[in-house]
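In UniProt numbering, the protein residues as written are 1 to 575.
Cβ atoms here follow ideal geometry from the backbone N, Cα and C, with glycine treated the same way.
Note that the structure is predicted; figures quoted are calculated from it, not measured.
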């Protein structure tokens, strides 16, 4: 068996090169083959091999095309592969390399068929960026691929039953829980949306290597056993984001209707004296219907994410109880988790004869789950959380001076830290939840801060041309549109090239915008829409101060990006 020597020419893709090297080492260990790896990056060479390789008992594998081409090395290589193909199937990359010279490699197997589902809590940006990342990776690898996007308006390009049946692996790239009932018996790999955006090929490689079989569930008990049949149990964060995702439509519709009511009827639109007017009717629909369902939807779908359909009724009932006890969104979150985990535990503990299994998801689990959740909410959760919410609400409403600045700085920095990731979503969920308690200033700070990174990147491409490639300068216009629409993810391509410099610059501008918004007391009654909701009467207060906050944050980040960001490699070589 010949000793395998691998040379990875990673160039600027140093992280991808290191991952490819580790993948090859793992594949070699699993097959008992000797292997040494040299990784060439723009920053230098890792684990350099001796000069003159390969020797008589050695075989050379060349990976990647980064850096200066080495014609002599290429001529001595037995095989030349891309980084993506190595990450997708490292075992296949080294298969047959120890064969004597002139021997043929094993015939290539049929490329794996892959289907995917992408989703994120808001269903706007990460959902489609993850789909594009996976599609491009599959195209480069030559794999048949279909993706379903579960966005804010429902499923786009839904997978057919035949496509699922023909698939070799199912990839779920989502930051909220996705129904897996239709994937019973298939190999399923679950990850977040962001890995699919930044490294689609690596996600596909892990899916092919690590996917586990999704247990099939019977039609009668699918809802009850869905959660226990997951190859990978989701954590509390994903359950919370699922609840926030389903709560958002109630917040948006209710908030806009309340804003329109005040625009038509003034500050007395909700008074009894306005009863019968269009303004009072709009306020009733928005506040007493739309907003009234916010906390129950949040709690219900947290429980749904944990325990599937049997958890929905206990969760929503617990959410209504929490709202009636004035426990707000914190009480709803607590009720949702209590309902979900209670139903999930009951599903595991209760064992019935096969003839009675159908009663579990439609009678036993919802009934017992509602009883447990209701009693705990009324006697243990509701009153303490209500007291906490009352204190918290009054504290936020009374924020002035340094305390308001601090909260604005924190929310702003969170918005730009990972641009749509867990930290960003945590700040966003906090601000959205406070809308139910009629506290609107954090939402204003969060949205203006989230608009800054893409707008700052777009402005920086115009002010500092030399810091960006031609492609990045062209992408600046797209980033500006995304920023105006409050889609923070539009800045990700700019941050990806130089994150240690660009992300702090964006955080500084977002924190500035958030602080100005909080100090000015700007209130925003809708949780999304960016600049396009600002003209709606009543949607935002202190509009001039809000625009100043946006402009100030954008300029601060743009200037810092221009000062800190490294110029592209080509530009550095020309100077």
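According to DSSP, simplified to helix, strand and coil, what is residue i?
| i | result |
| --- | --- |
| residue 6 | strand |
| residue 94 | helix |
| residue 43 | coil |
| residue 355 | helix |
| residue 597 | A query on residue 597 cannot be resolved here, the shown segment of the chain reaching from 1 to 575 and no further. |
| residue 140 | helix |
| residue 563 | helix |
| residue 486 | coil |
| residue 11 | strand |
| residue 277 | coil |
| residue 437 | coil |
| residue 180 | coil |
| residue 344 | helix |
| residue 270 | coil |
| residue 56 | coil |
| residue 411 | helix |
| residue 317 | helix |
| residue 419 | coil |
| residue 284 | helix |
| residue 160 | coil |
| residue 101 | Caution is warranted here: a pLDDT of 43 is assigned to residue 101, below 50, making its placement in the model unreliable, and no coordinate value can be reported. |
| residue 610 | A query on residue 610 cannot be resolved here, the shown segment of the chain reaching from 1 to 575 and no further. |
| residue 230 | Low per-residue confidence applies at residue 230: pLDDT is 39, beneath 50, and the placement is therefore not dependable enough to give any value. |
| residue 290 | helix |
| residue 133 | helix |
Would you grab the beta carbon distance between residue i and residue j for me? Rounded to a whole angstrom, and I think it's under 8 Å.
| i | j | result |
| --- | --- | --- |
| residue 90 | residue 26 | 7 Å |
| residue 347 | residue 365 | 6 Å |
| residue 370 | residue 338 | Going by Cβ atoms, the distance from residue 370 to residue 338 rounds to 11 Å, so no, they are not a contact pair. |
| residue 319 | residue 340 | Residue 319 to residue 340, Cβ: 12 Å. No contact. |
| residue 416 | residue 452 | 7 Å |
| residue 409 | residue 514 | 6 Å |
| residue 512 | residue 424 | Not really, about 17 Å apart at Cβ, beyond 8 Å. |
| residue 331 | residue 386 | 7 Å |
| residue 87 | residue 130 | With a Cβ gap of about 17 Å, residue 87 and residue 130 do not count as contacting. |
| residue 518 | residue 350 | Not a contact, Cβ separation roughly 50 Å. |
| residue 450 | residue 494 | Actually they do not touch by this definition, with Cβ atoms about 15 Å apart. |
| residue 166 | residue 113 | 6 Å |
| residue 553 | residue 448 | 7 Å |
Can you tell which of the options has the C-alpha that lies nearest to the C-alpha of residue i?
| i | options | result |
| --- | --- | --- |
| residue 566 | 490, 541, 464 and 44 | 464 |
| residue 85 | 20, 50 and 384 | 20 |
| residue 437 | 468, 329, 29 and 427 | 329 |
| residue 15 | 4, 413 and 43 | 43 |
| residue 547 | 520, 564 and 418 | 520 |
| residue 164 | 156, 541, 175 and 183 | 183 |
| residue 528 | 446, 501 and 552 | 446 |
| residue 7 | 254, 61, 141 and 235 | 61 |
| residue 73 | 487, 40 and 313 | 40 |
| residue 63 | 10, 412 and 385 | 10 |
| residue 402 | 361, 54 and 516 | 516 |
| residue 251 | 47, 492, 525 and 313 | 525 |
| residue 236 | 301, 207 and 290 | 301 |
| residue 206 | 137, 215, 257 and 276 | 137 |
| residue 499 | 116, 405, 448 and 561 | 561 |
| residue 194 | 119, 542, 261 and 331 | 119 |
| residue 5 | 247, 129, 28 and 444 | 28 |
| residue 180 | 213, 197, 553 and 509 | 213 |
| residue 522 | 508, 542 and 530 | 542 |
| residue 497 | 564, 158 and 352 | 564 |
| residue 45 | 35, 274, 559 and 12 | 12 |
| residue 290 | 268, 264 and 246 | 246 |
| residue 460 | 375, 160 and 502 | 502 |
| residue 117 | 38, 170, 317 and 390 | 170 |
According to DSSP, residue i sits in a beta bridge with which residue or residues?
| i | result |
| --- | --- |
| residue 524 | 540 |
| residue 189 | 171 |
| residue 79 | 61 |
| residue 155 | 150 |
| residue 119 | 150 and 174 |
| residue 114 | 145 and 169 |
| residue 212 | 188 |
Meets three-Cβ-pair contact criterion under 8 Å: the segment 377–394 and the segment 466–486: Taking a contact to require three or more Cβ pairs closer than 8 Å, the segment 377–394 and the segment 466–486 do not qualify as touching.
Are the segment 187–199 and the segment 48–67 touching by the rule of at least three beta carbon pairs closer than 8 Å? In short, these stretches do not touch, since the Cβ pair count stays below three.
Cβ pair count under 8 Å reaching 3, the segment 294–312 against the segment 276–284: The segment 294–312, when compared against the segment 276–284, does not touch it at the 8 Å Cβ threshold.
Give a yes or no on contact between the segment 237–245 and the segment 297–306, applying the rule of three or more CB pairs nearer than 8 Å. Segments in contact, yes.
Counting pairs of beta carbons, one from the segment 131–151 and one from the segment 164–182, are three or more of them closer than 8 Å? Yes, the segment 131–151 touches the segment 164–182.
Could you check whether the segment 455–463 touches the segment 532–540, counting it as contact only if at least three pairs of C-beta atoms, one from each stretch, sit closer than 8 Å? Under the 8 Å Cβ criterion, the segment 455–463 does not count as touching the segment 532–540, having fewer than three qualifying pairs.
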